[in-house]
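Residue numbers (this note's numbering), protein chains in the order written: chain A, 253 to 471; chain B, -14 to 177. Even glycine gets a Cβ: it sits at the ideal position worked out from N, Cα and C. Quantities reported herein were computed from a predicted structural model and do not represent experimental measurements.
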Amino acid sequence: MDKQKQAICMNTQHNLSSRIPTRSPDTPPTLGIRNSTEGYGLIAIALHWIVALIVVGLFGLGVWMTGLTYYDDWYRRAPDLHKGIGTLLFLIMILRVVWRATNVAPDDESGISPLQLQAAHLVHLLLYLLLFVLMSSGYLISTADGRSIDVFGLFSLPAIVTDIPNQEDIAGAVHWYLALSLIGLAVLHALAALKHHFINRDRTLKKMLGIPPQPTDQP
Amino acid sequence: MKMKLLSAITLAAAIVLPSQANAERYTIDTKGAHASIQFRIQHLGYSWLNGRFNKFSGSFEYDDKQPSNASVHVEIDTASIDSNHAERDKHLRGEDFLNVSQYPKARFESNAFKENSDGSATLSGNLTLHGVTHPVNIRVSQIGHGSDPWGGYRRGFEGTTQISLQDYGINYNLGPKSKEVELTLSIEGIRQ
Chain A
253 MDKQKQAICM
263 NTQHNLSSRI
273 PTRSPDTPPT
283 LGIRNSTEGY
293 GLIAIALHWI
303 VALIVVGLFG
313 LGVWMTGLTY
323 YDDWYRRAPD
333 LHKGIGTLLF
343 LIMILRVVWR
353 ATNVAPDDES
363 GISPLQLQAA
373 HLVHLLLYLL
383 LFVLMSSGYL
393 ISTADGRSID
403 VFGLFSLPAI
413 VTDIPNQEDI
423 AGAVHWYLAL
433 SLIGLAVLHA
443 LAALKHHFIN
453 RDRTLKKMLG
463 IPPQPTDQP
Chain B
-14 MKMKLLSAIT
-4 LAAAIVLPSQ
6 ANAERYTIDT
16 KGAHASIQFR
26 IQHLGYSWLN
36 GRFNKFSGSF
46 EYDDKQPSNA
56 SVHVEIDTAS
66 IDSNHAERDK
76 HLRGEDFLNV
86 SQYPKARFES
96 NAFKENSDGS
106 ATLSGNLTLH
116 GVTHPVNIRV
126 SQIGHGSDPW
136 GGYRRGFEGT
146 TQISLQDYGI
156 NYNLGPKSKE
166 VELTLSIEGI
176 RQ
């Protein structure tokens, strides 16, 4: 009981000296639907983690399914799943880009050098670019002969480009090397987030986890 | 003296090399696509899957009077495999099957031609595929020959053979009924 009281006291003290400008000390911190300058909103956070999960899942599925043999149960199902989820990922990414463009970007953490910020933003841009080219190359493999891609029987994605010489082979090589690059870059991106969290002890990762600013946070 | 020596050489050549003197050389008409290399393999033992190689070139020599001197040479661009399904073709070009980046060419080089009593013939030779050279016998029948409407002379054959994928180091398991591939070579040559 005493301890709790003490904690409340301390919090109040911190709140008083808090320099977070956009919220009065009295209102409890909440997670909005949209982004604010303080942090990401619910939609941006959900999109980020859904994409992260799908990308890792698709990479694992892709590597696994190319090693399957003819008589494996998943020989036909796994590629169908890979293509279906890939198509859904494309739609999610379109939504994500639109959402990003129509929302404010949370402020960068203070105390990060401009060069480091530029590097971080470049990695973000590359992640988006790689993802779109990667998905397009996958589409070009499966539609090279004019066949459409069936997405879980819900709809089918028609072939548009079919006349690139050796299309399925070139698109296949691009798909593989870009997948490796994307995973490499994503690992770098994740390590950077962990570095911010554990070494710099700033809010970089917390913002993407939807943890609102605490009074105890360093401004 | 000089004339005598020359005629002696000509005579000797005529005796020693009769076939070469008369053999007609034909270029396989891949340009006009009057030639094809098709394959078929059973799918699970339930049906035949047909495919072909779109790019190849070759020539043959054939002499009506001495058919046993016939010879054939064909070179196939393995990456041109076409089973009318891009994803399957990509798989067939990969390491599980033809490994076309490492083995871009397949070759057939004949070494014997024997006429059978039923009018067909057996063309024997070596087929190099997937980096492995293995002897094959191709059952051949001549379809026809003669002048074409554009001033040339053409001769055409059809040959069939069966190869075992295992003989060529292709061990991907497609099932017990799919270990062998049938090849049909339809070739028309234009006399040079």
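Contact set for isoleucine 155 of chain B: own chain, Cβ-Cβ below 7 Å, skip 5 residues either direction
Translated into positions along the second sequence, residue 155 of chain B becomes position 170. If we look at isoleucine 155 of chain B and ignore the five residues flanking it on each side, its Cβ neighbours are Phe82 and His115.
Could you give the DSSP three-state label for tryptophan 33 of chain B: helix, strand or coil?
What you label residue 33 of chain B is simply residue 48 of the second sequence in a count that begins at 1. Tryptophan 33 of chain B: strand per DSSP, three-state reduction.
Between leucine 392 of chain A and the rest of its own chain, which residues show a CB-CB distance below 7 Å, the 5 nearest in sequence each way excluded?
Within the first sequence, numbered from 1, the residue matching residue 392 of chain A stands at position 140. Same-chain partners within the cutoff: Val413, Gln419 and Ala423.
Compare the Cα-Cα distances from lysine 447 of chain A to each of A/Gly314, A/Met317 and A/Ile364 and report the closest residue.
Position 195 of the first sequence, counted from the first residue, corresponds to residue 447 of chain A. Considering only alpha carbons, the answer is A/Ile364.
For the alpha helix (DSSP H) that contains lysine 75 of chain B, what are its first and last residues?
Along the second sequence, read from residue 1 onward, the residue named residue 75 of chain B stands at position 90. Counting along the chain, the alpha helix (DSSP H) containing lysine 75 of chain B begins and ends at 71 to 78.
Serine 149 of chain B by DSSP, collapsed to three states: which one?
Taking the first residue of the second sequence as position 1, residue 149 of chain B is located at position 164. It is a strand residue.
Buried or exposed: which applies to leucine 367 of chain A, given that a residue is buried once 16 or more other Cβ atoms fall within 10 Å of its Cβ?
For this step, residue 367 of chain A is matched to residue 115 along the first sequence. Leucine 367 of chain A should be labelled exposed.
Can at least three beta-carbon pairs, one atom from the region 126 to 137 of chain B and one from the region 82 to 94 of chain B, be found at a separation below 8 Å?
no
Report the partner residues of lysine 50 of chain B according to the DSSP bridge assignment.
Your numbering for residue 50 of chain B matches position 65 in the second sequence. None, per the DSSP bridge assignment.
First through last residue of the beta strand (DSSP E) which encompasses glutamine 27 of chain B:
Start at 1 with the first residue of the second sequence, and residue 27 of chain B comes out as number 42. Segment 20 to 28, the beta strand (DSSP E) holding glutamine 27 of chain B.
Close Cβ partners of threonine 456 of chain A (< 7 Å) along its chain, the five nearest in sequence each way excluded
Here residue 456 of chain A corresponds to residue number 204 of the first sequence, with the count starting at 1. Here the set comprises Glu361, Ala445, His448 and His449.
What residues in its chain sit with their C-beta under 6 Å from that of glutamate 165 of chain B, if we drop five residues either side in the sequence?
Here the question's residue 165 of chain B lines up with position 180 in the second sequence. So the qualifying residues of the chain are Gln147 and Ser149.
Chain-order list of residues whose beta-carbon lies under 7 Å from that of alanine 411 of chain A (same chain, five-residue window excluded)
The residue labelled residue 411 of chain A in the question sits at position 159 within the first sequence. Taken in chain order, the residues that qualify are Thr395, Gly398, Arg399 and Ser400.
Where the alpha helix (DSSP H) through aspartate 324 of chain A begins and ends
As a position in the first sequence, residue 324 of chain A is number 72, starting the count at 1. From DSSP, aspartate 324 of chain A is part of no alpha helix (DSSP H); its letter is neither H nor E.
Does aspartate 324 of chain A have its Cβ less than 7 Å from a Cβ in chain B?
Translated into the one-based positions of the first sequence, residue 324 of chain A becomes position 72. Chain B, which has no Cβ nearer than 7 Å to the Cβ of aspartate 324 of chain A, makes this no.
Under 8 Å by beta carbon: chain A residues contacting arginine 78 of chain B
For the purposes of this step, residue 78 of chain B is taken as residue 93 along the second sequence, with counting starting at 1. Within 8 Å Cβ-Cβ: Asp421.
Residues of the region 387 to 411 of chain A in Cβ contact with chain C at a cutoff of 9 Å, in chain order, please.
Checking the listed chains, one finds no chain C in this structure; the protein chains it contains are A and B.
So, at 6 Å on beta carbons, what are the nonlocal neighbours of arginine 286 of chain A in its own chain, with the 5 sequence-adjacent residues on each side left out?
As a position in the first sequence, residue 286 of chain A is number 34, starting the count at 1. Here the set comprises Gly293 and Asn355.
Quick check: asparagine 96 of chain B and serine 109 of chain B, are their CB atoms within less than 7 Å of each other?
Residue 96 of chain B sits at position 111 when you count from the first residue of the second sequence. Residue 109 of chain B sits at position 124 when you count from the first residue of the second sequence. Contact flag set, yes.
With 16 as the cutoff for other CB atoms within 10 Å, does tyrosine 11 of chain B come out buried or exposed?
As a working mapping, residue 11 of chain B is identified with position 26 in the second sequence. Classification of tyrosine 11 of chain B: buried, given that the 10 Å Cβ count is 16 or more.
Please confirm whether lysine 75 of chain B has its beta-carbon closer than 7 Å to some beta-carbon of chain A.
By one-based count along the second sequence, residue 75 of chain B stands at place 90. Interface residue, yes.
Restricting to Cα atoms, I'd like to know which of A/Gly284, A/Ala442 and A/Ser288 is closest to alanine 372 of chain A.
Within the first sequence, numbered from 1, the residue matching residue 372 of chain A stands at position 120. The shortest Cα separation from alanine 372 of chain A among A/Gly284, A/Ala442 and A/Ser288 belongs to A/Ala442.
Listing by chain order, which chain B residues have their CB less than 9 Å from the CB of threonine 289 of chain A?
For the purposes of this step, residue 289 of chain A is taken as the residue at position 37 of the first sequence. What threonine 289 of chain A touches in chain B: nothing, since even the nearest Cβ is about 48 Å away.
Inter-residue spacing [alpha-carbon to alpha-carbon] between glycine 79 of chain B and histidine 300 of chain A
Within the second sequence, residue 79 of chain B is the residue found at index 94, counting from 1. Within the first sequence, residue 300 of chain A is the residue found at index 48, counting from 1. The alpha-carbon atoms of glycine 79 of chain B and histidine 300 of chain A are separated by roughly 35 Å.
May I ask which residues mark the beginning and end of the beta strand (DSSP E) holding tyrosine 11 of chain B?
Working through the second sequence from its first residue, we reach residue 11 of chain B at position 26. It spans 9 to 13 - the beta strand (DSSP E) in which tyrosine 11 of chain B sits, taken as one unbroken run.
Please check the pair threonine 180 of chain B and serine 42 of chain B, which I expect to be a contact at CB under 8 Å, by giving their CB distance rounded to whole angstroms.
Residue 180 of chain B lies beyond the residue range present for chain B, which begins at -14 and ends at 177; the question has no answer from this structure.
Taking a Cβ distance cut-off of 8 Å, strictly less, list which residues of the region 94 to 106 of chain B are near chain A, in chain order.
none
Which term fits valine 439 of chain A, buried or exposed, when burial requires 16 or more other beta carbons within 10 angstroms of its beta carbon?
By one-based count along the first sequence, residue 439 of chain A stands at place 187. By the neighbour-count rule (16 or more Cβ atoms within 10 Å), valine 439 of chain A is not buried but exposed.
Measuring straight from C-alpha to C-alpha, what distance separates asparagine 158 of chain B and threonine 118 of chain B?
Here residue 158 of chain B is taken as the residue at index 173 of the second sequence, counted from 1. Here residue 118 of chain B is taken as the residue at index 133 of the second sequence, counted from 1. Distance between the alpha carbons of asparagine 158 of chain B and threonine 118 of chain B: 21 Å.
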